[in-house]
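Heads up, the thing below is written out as structure tokens.
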Amino acid sequence: SNVEDTFILTWDDRINVEELRSMIQSGVQQTRPVELLVLSACRTATGDERATLGLAGVAVRAGARSTIASLWYVSDEATAVLMKNLYEQLIDPKITKAEALRRAQRKILRDAQAREVNSEFEHPYFWSTFVLIGNWL
Numbered sequence: 042s043n044v045e046d047t048f049i050l051t052w053d054d055r056i057n058v059e060e061l062r063s064m065i066q067s068g069v070q071q072t073r074p075v076e077l078l079v080l081s082a083c084r085t086a087t088g089d090e091r092a093t094l095g096l097a098g099v100a101v102r103a104g105a106r107s108t109i110a111s112l113w114y115v116s117d118e119a120t121a122v123l124m125k126n127l128y129e130q131l132i133d134p135k136i137t138k139a140e141a142l143r144r145a146q147r148k149i150l151r152d153a154q155a156r157e158v159n160s161e162f163e164h165p166y167f168w169s170t171f172v173l174i175g176n177w178l
């Protein structure tokens, strides 16, 4: 992929790879590193020869302590449910990032089995795309 075509879409703008790298590095230099960057869009943990782990790898190499990112195309609906579950878990400071992601994934799976959310979400495609890269604590 072309590096100029890789970006994060905000509500009113785009953040390209170099801007992302610069923003993260400026936080690290000010002793305020990014503890966790969640990249919930499609294929944010897939890359090429320039960035093996895609945007997630760029972020970690720039100084983010960890990222949660996706390995394939995501379902907007399932991702919204999963991210809500994830952030609810992250409120508790005693829960690690890895455990928060695991709990969020298990909750969407259980809720799909109980038909509390779309039953299709029971399929791993919907809940297993996200991985934690970097510091798991």
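Just so you know, we're using the working numbering here: the sequence shown kicks off at 42 and counts up by one. Where a beta carbon is used, it is the ideal one built from N, C-alpha and C, also for glycine.
Which word fits residue i, buried or exposed, when buried means at least 16 other C-beta atoms lie within 10 angstroms of its C-beta?
| i | result |
| --- | --- |
| Thr-85 | buried |
| Trp-52 | exposed |
| Ala-145 | buried |
| Trp-168 | buried |
| Ile-132 | exposed |
| Thr-93 | exposed |
| Lys-138 | buried |
Which partner residues does residue i have in the DSSP bridge list?
| i | result |
| --- | --- |
| Thr-108 | Leu-78, Ile-174 |
| Asn-30 | Residue 30 lies beyond the range of the chain shown here (42 to 178); nothing can be said about it. |
Could you say which of the options lies nearest to residue i if we only look at CA atoms?
| i | options | result |
| --- | --- | --- |
| Val-69 | Arg-106, Asp-89, Asn-57 | Arg-106 |
| Thr-87 | Ser-63, Trp-113, Val-75, Ser-81 | Trp-113 |
| His-164 | Ser-63, Asn-57, Val-115 | Val-115 |
Pull up the distance between the alpha-carbon of residue i and that of residue j, whole angstroms please.
| i | j | result |
| --- | --- | --- |
| Ala-119 | Gly-98 | 24 Å |
| Leu-77 | Ala-155 | 31 Å |
| Arg-55 | Leu-61 | 10 Å |
| Asp-46 | Ala-110 | 18 Å |
| Glu-161 | Gln-71 | 44 Å |
| Cys-83 | Pro-134 | 28 Å |
| Gln-130 | Phe-171 | 15 Å |
| Glu-90 | Leu-178 | 28 Å |
| Leu-150 | Arg-73 | 35 Å |
| Glu-59 | Thr-108 | 17 Å |
| Ser-63 | Val-75 | 12 Å |
| Lys-125 | Ser-67 | 28 Å |
| Ala-141 | Asn-176 | 13 Å |
| Ser-81 | Asp-117 | 9 Å |
Check this for me: beta carbons of residue i and residue j, under 7 Å apart or not?
| i | j | result |
| --- | --- | --- |
| Ile-49 | Val-101 | no |
| Val-158 | Val-122 | yes |
| Gly-95 | Ile-65 | no |
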